[in-house]
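Single-structure report; data block below.
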Amino acid sequence: MNQIFILILLSLSSSWALDNGLALTPPMGWLSWQRYRCTIDCVNHPQECISENLITRQANLMKTEGYLDAGYNYIGIDDCWSELKRDENQTLVPSKERFPRGMKYVADFVQERGFKFGLYGDFGLRTCEGYPGSLLHMEVDANTFADWGVDYVKVDGCHVLVSLMDEGYPKFGEYFNKTGRPMMYSCSWPFYLSLAGIEPNWDSIIKHCNIWRNHFDVQDSWSSVESIINYFGDNSKRLATYAGPGHWNDPDMLVIGNFGLSYDQSKVQMAVWSILAAPLLMSNDLGNIKPELKELLLNQDVIAIDQDSLGRAGYRPLKKSQISAWKREITPVISNHTSLAIAFVNHNDNGAPRFGNFTFEEMEIDTSERFNGYDIQDLLPSSTQKYTVYQSDGRYRFEILVNPTGVLLLRLTARESL
Ligand code: GLA
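Residues 85 to 502, numbered by the working numbering, are exactly what the sequence shown covers, in order.
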């Protein structure tokens with residue numbers, strides 16, 4: 085089938101907007117990809133393979149270990165869940181070996197425990213791992229997902245020309261919408277366009293997707309997490325303007341609890357993701373997680389920053405001497421008085437905690453005439469870190485000490501005006 089024919093198919097679209105009332109705050113949950121990849125050999129890897137057993141096990145843990153109560157309410161299966169071929173009606177078929185009772189069973193299982201169910205698809209001819217994609221079957225796939233009770237679709241963009249995406253992603257979303265079942269729509273569309281050197285059409289992305297991937301896949305390493313942080317930092321003022329209730333940038337999954345990040349680095353991911361108003365989608369084994377990392381993932385103060393109802397994503401006002409400084413405006417405690425979340429990330433890994441000095445001006449923090457200071461709370465305290473706020477040369481300043489590849493996360497609440 086040639087490209088022009090597909091373009092005509094895709095463009096038979098009315099103008100519509102995704103208005104599904106979902107993701108009013110960034111979604112939270114669990115997704116299989118980063119930790120479990122495309123493990124399909126259940127004989128040799130029974131605990132690791134993408135299967136009914138994996139998903140139901142993690143669902144039970146999310147409930148019993150307090151993750152659901154903390155807000156992590158989506159459970160999603162990423163790539164590699166289907167058979168390699170559609171059936172005779174062109175319908176997608178879940179792997180018969182790994183999902184012997186089908187997808188509806190898994191959806192029911194997680195929903196009965198209070199979760200919402202997520203499933204992966206691909207807008208192209210095949211998924212990134214070579215399973216059937218939706219390009220020529222969008223309507224049937226949208227209906228199949230709805231029949232199974234899917235609440236969240238992640239639509240990847242492998243094996244398709246990027247020139248088809250501006251029409252295709254809205255079209256696929258329209259089919260999902262038409263099913264009548266609200267499904268949170270996660271698009272990889274802007275990432276693939278950026279990769280091809282094309283500036284994404286942000287108006288359309290914001291209008292048609294609930295969340296979207298901006299950058300490369302996260303890996304289980306500090307270098308990967310830091311490169312995503314740097315990308316968001318370098319582009320953060322612009323990216324922050326795209327985010328808001330119902331539509332969020334997605335820097336990719338939380339890898340906290342796996343093998344690659346130290347405790348400090350795990351705190352960095354949690355803190356920066358929260359400043360960015362990012363989806364908090366863990367990809368880890370909740371049956372095998374260190375207590376301090378579990379506590380971090382469940383930290384209500386940090387989650388509250390991420391989920392703040394103002395829905396204003398934060399940004400990086402500056403980076404100097406290898407410390408990046410981040411700021412997010414959050415719901416005021418006293419009306420008309422600013423509340424902020426501030427993070428300082430030390431990118432230097434030479435062993436010693438690092439001092440930094442940042443003026444409020446540099447941080448773009450208001451100190452207008454009626455300013456009466458802030459009450460400050462350290463949300464992720466560490467015995468080797470500290471902060472002070474003082475005034476010199478008529479300027480307010482933070483003096484901070486931050487662990488190597490660590491973070492200081494502060495909440496500032498403006499005091500009643502003078
Ligand atoms: C792409 C996506 C990942 C994951 C894999 C699955 O790389 O960006 O998040 O979904 O495909 O194959």
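Ideal Cβ placement from N, Cα and C applies to all residues, glycine included.
**Report entry** Sequence-distant residues of its chain with Cβ nearer than 7 Å to Ile282 (five each side left out)
**Finding:** For the purposes of this step, residue 282 is taken as the residue at position 198 of the sequence shown. Once the five neighbours on either side are set aside, the close Cβ partners of Ile282 are Val246.
**Item:** Contact belief for Lys262 with Trp232 at Cβ below 8 Å, rounded distance in angstroms
**Value:** Taking the sequence shown and counting its residues from 1, one reaches residue 262 at position 178. Taking the sequence shown and counting its residues from 1, one reaches residue 232 at position 148. No, Lys262 and Trp232 are not in contact; Cβ-Cβ is about 16 Å, not under 8 Å.
For Gly264, tell me which candidate among Ser476, Ala230, Val224 and Arg170 has the shortest Cα-Cα distance.
Locating residue 264 in the sequence shown gives position 180, counting from the first residue. Nearest C-alpha to Gly264: Ala230.
task = Starting from Gln353, follow the beta strand (DSSP E) in both directions and report where the run begins and ends.
result = For the purposes of this step, residue 353 is identified with residue 269 of the sequence shown, where counting begins at 1. Here Gln353 belongs to no beta strand (DSSP E); instead the alpha helix (DSSP H) covers Tyr347 to Ile359.
Practice problem: Count the C-beta pairs between the segment 314 to 323 and the segment 336 to 351 that are closer than 8 Å, then say yes if the count reaches three, no if not. | Solution: no
For this session: Report buried or exposed for Leu464, applying the criterion of at least 16 other Cβ atoms within 10 angstroms of its Cβ.
Result: Residue 464 sits at position 380 when you count from the first residue of the sequence shown. Under this definition Leu464 is a buried residue.
Rounded Cβ spacing between Ser423 and Ala324 (contact assumed at less than 8 Å): For the purposes of this step, residue 423 is taken as residue 339 along the sequence shown, with counting starting at 1. For the purposes of this step, residue 324 is taken as residue 240 along the sequence shown, with counting starting at 1. Wrong, their Cβ atoms sit about 17 Å apart, outside the cutoff.
Exercise. Thinking C-beta only, is Pro111 closer than 9 Å to Tyr204?
Worked result: Here residue 204 corresponds to residue number 120 of the sequence shown, with the count starting at 1. Here residue 111 corresponds to residue number 27 of the sequence shown, with the count starting at 1. No, they are not a contact pair.
Inset, instruction - Within 10 angstroms of the Cβ of Asn298, are there 16 or more other Cβ atoms? Answer buried if so, exposed if not. - result: Within the sequence shown, the letter at position 214 stands for residue 298. Counting Cβ neighbours within 10 Å, Asn298 comes out buried, since at least 16 surround it.
Do Cys293 and the ligand GLA come close, with the Cβ less than 8 Å from some heavy atom?
-> Here the question's residue 293 lines up with position 209 in the sequence shown. No, Cβ of Cys293 sits at least 8 Å from all heavy atoms of the ligand GLA.
(message) Can you give me the C-alpha to C-alpha distance between Val486 and Gln391, rounded to a whole angstrom?
(response) For this step, residue 486 is matched to residue 402 along the sequence shown. For this step, residue 391 is matched to residue 307 along the sequence shown. Rounded to the nearest angstrom, the two C-alpha atoms are 25 Å apart.
Problem set entry | Any chain C beta carbon closer than 9 Å to Gly252 | Of the protein chains in the structure, only one exists, and it is not chain C.
| Leu136 and Arg182: beta carbons closer than 9 Å? | Taking the first residue of the sequence shown as 1, we reach residue 136 at position 52. Taking the first residue of the sequence shown as 1, we reach residue 182 at position 98. The amino acid occupying residue 136 in the given sequence is Glu; Leu does not appear at that position. Their beta carbons are under 9 Å apart, which means Glu136 touches Arg182 by this criterion.
- Task: Can you tell me which of the three DSSP states Lys188 falls into?
- Result: Counting from one through the sequence shown, the residue named residue 188 turns up at place 104. The answer is helix: DSSP assigns Lys188 an H, G or I state.
*asked:* By DSSP's criteria, Glu483 is part of a beta bridge. Which residues make up the other side?
replied: Walking along the sequence shown from the start, residue 483 turns up at place 399. The partner list for Glu483 (beta bridge, DSSP) reads Asn441 and Thr472.
Query - Where the alpha helix (DSSP H) through Asn227 begins and ends - result: In the sequence shown, residue 227 corresponds to position 143, counting from 1. First-last of the alpha helix (DSSP H) with Asn227: Met222 to Trp232.
* To do: Label Tyr156 either buried or exposed according to how many other C-beta atoms from any shown protein chain fall within 10 Å of its C-beta, with 16 as the threshold for buried.
  => Walking along the sequence shown from the start, residue 156 turns up at place 72. Buried is the label assigned to Tyr156, since at least 16 other Cβ atoms lie within 10 Å of its Cβ.
- Item | Span separating the alpha-carbon of Asn104 from that of Met267 | Here residue 104 refers to the residue found at position 20 of the sequence shown. Here residue 267 refers to the residue found at position 183 of the sequence shown. Cα-Cα distance, rounded: 8 Å.
Cβ-based neighbour list, Gly408, same chain, cut-off 6 Å, excluding 5 preceding and 5 following: Taking the first residue of the sequence shown as 1, we reach residue 408 at position 324. Sequence inspection shows Ser at residue 408; the Gly mentioned does not correspond to that position. Closer than 6 Å at Cβ, skipping near neighbours: Gly317, Arg400 and Val429.
From the DSSP secondary-structure annotation, give me the bridge partner or partners of Met249. On the sequence shown, residue 249 is found 165 positions in, with the first residue counted as 1. Met249 pairs with nothing; no bridge assigned.
query: Nearest to Ala361 by alpha carbon, out of Glu223, Ile426 and Ser346?
result: For the purposes of this step, residue 361 is identified with residue 277 of the sequence shown, where counting begins at 1. Selected option, being the one with the closest Cα: Ile426.
Taking DSSP's pairing of strands, which residues face Ile389 in a bridge? Within the sequence shown, residue 389 is the residue found at index 305, counting from 1. BP columns for Ile389 are empty, so no partner.
Worksheet item: Would Glu376 be called buried (16 or more neighbouring beta carbons within 10 Å of its own) or exposed?
Response: For the purposes of this step, residue 376 is taken as residue 292 along the sequence shown, with counting starting at 1. Glu376 should be labelled exposed.
Going straight from the alpha carbon of Ser367 to that of Pro437, what length do you get?
Translated into the one-based positions of the sequence shown, residue 367 becomes position 283. Translated into the one-based positions of the sequence shown, residue 437 becomes position 353. Their Cα atoms are separated by approximately 29 Å.
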